[in-house]
Amino acid sequence: MLNPEMTDEDAANAFLSKLMLDTNKEESDTGPSYGGIPYVTVVPSPGFCVKTKNDSGQKIFINVCHCDNVPQPRDITEDDLLKLLDSDDPFSFRVPMSLGEPHAETDKSGSGCTVYDIVVHTQFLEKMKTSEVFKAFFLSVSMEGIEDKFKTTIDRKWIILKNRKSIGTLQEHNVRKQSKPVIMDMDEYGSPHGNIGNPLIQEVEKKPPTKEELRARGEEPLFRIIQEPPVGHPEFLVAEINLPKVKLTTSLELDIGEDRIFLQTRSNVYYLDIYLPYNLIQEECGAQFNKKTRILTMTMPVQPLS
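Numbering of the sequence shown is given in this note's numbering, commencing with residue 420 and proceeding in unit increments.
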């Protein structure tokens, strides 16, 4: 029980500290980690192979691979992507990927070449197979990633091999485990943080989903996100999601990414997929569900400015 002499703010801080400690305890010693971040080692499956060259004329192959351990990008249409590319924020659509170290191989003629393996989620690979728009966008972004990471230059005149899905032996990838915070059921207490700061994300008008879309994925719940401190770079964000049709946490699936909240429920009652303006410390995020108010509250520490 909370100390009756504590102020609302003290109680809130004590609750948040306990929540984060409990969450960290639950996730400790669950598997291999690097720098305290848990990961899983995977050997991806081949998807398709791209042939090009670097600025010195050496052959370059990019094995575009897939597995289910890499996070999915948000689901948008070709028209949505084209509009984003023409907007003031063309990089708001992000494709999570795992970029492996280059490895030396030989092509079918026996000549030496450099191969890069890039891993994406299986469903996004399937989308690229049927959409030249998404494929061209992804290859452009991935080549920029290779250039930036390995300080090289890649020719944008590329071809996709017809008879080979990969070159050489696909390498193992250490993929960060998806952070699924422990959702605690709360009976006695209301919102743990009180009125902290001001809303960070204001409600905006948007086209309401059709009945078909609601049936397919569920309605978007009411929510608000606030920051602490309210001015400047926040130390943490608090999200409140109103879920009046939810009774038990067992019906919820919650994923908190580096800058993303994804929530869905069984039977497609609710669906929420939003991006945040700050990067989070995923392993320290926590969540609790108040069964009386039917509000899901998430505490999300924010990465400090570098």
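All residues carry an ideal CB built from backbone N, CA and C; glycine is no exception.
It should be emphasised that the depicted structure is a prediction, and the values quoted were computed from it without experimental measurement.
- Comparing alpha-carbon positions, the option among H652, I675, L641, I479 lying closest to I578 turns out to be I479.
- Under the three-state reduction of DSSP, T533 is assigned to strand.
- Closest option to D505, judged by alpha-carbon separation, among F556, A706, E659, L589: F556.
- With distances taken between CA atoms, V462 lies nearest to N488 out of N488, T549, K470, D507.
- Per DSSP, M516 lies in no beta strand (DSSP E) segment and is marked neither H nor E.
- For R679, same chain residues with a beta-carbon under 6 Å away, outside a window of 5 residues either side, are Y694 in chain order.
- If you compare the alpha carbons of G676, M719, K711, R685 with that of P492, the shortest gap goes to G676.
- In the three-state DSSP reduction, S561 falls in the helix class (H, G or I).
- When DSSP states are grouped into helix, strand and coil, R636 belongs to the helix group.
- Annotated three-state conformation of L544 is helix, per DSSP.
- L699 is bridged by DSSP to V721.
- Taking C-beta atoms under 8 Å as the contact rule, C484 and G466 qualify, at a distance of about 6 Å.
- The three-state reading of DSSP puts E497 in helix, counting H, G and I together.
- Excluding its 5 nearest sequence neighbours in each direction, S670 has C-beta neighbours in its own chain below 6 Å: T684, R685, listed in chain order.
- Excluding sequence positions up to five before and after I573, its CB lies within less than 7 Å of the CB of T471, N473, I479, M562, I565, E566, all in the same chain and listed in chain order.
- Pairing Y697 with P653 gives a Cβ-Cβ distance under 9 Å.
- For the pair K554 and D536, the Cα-to-Cα distance works out to about 16 Å.
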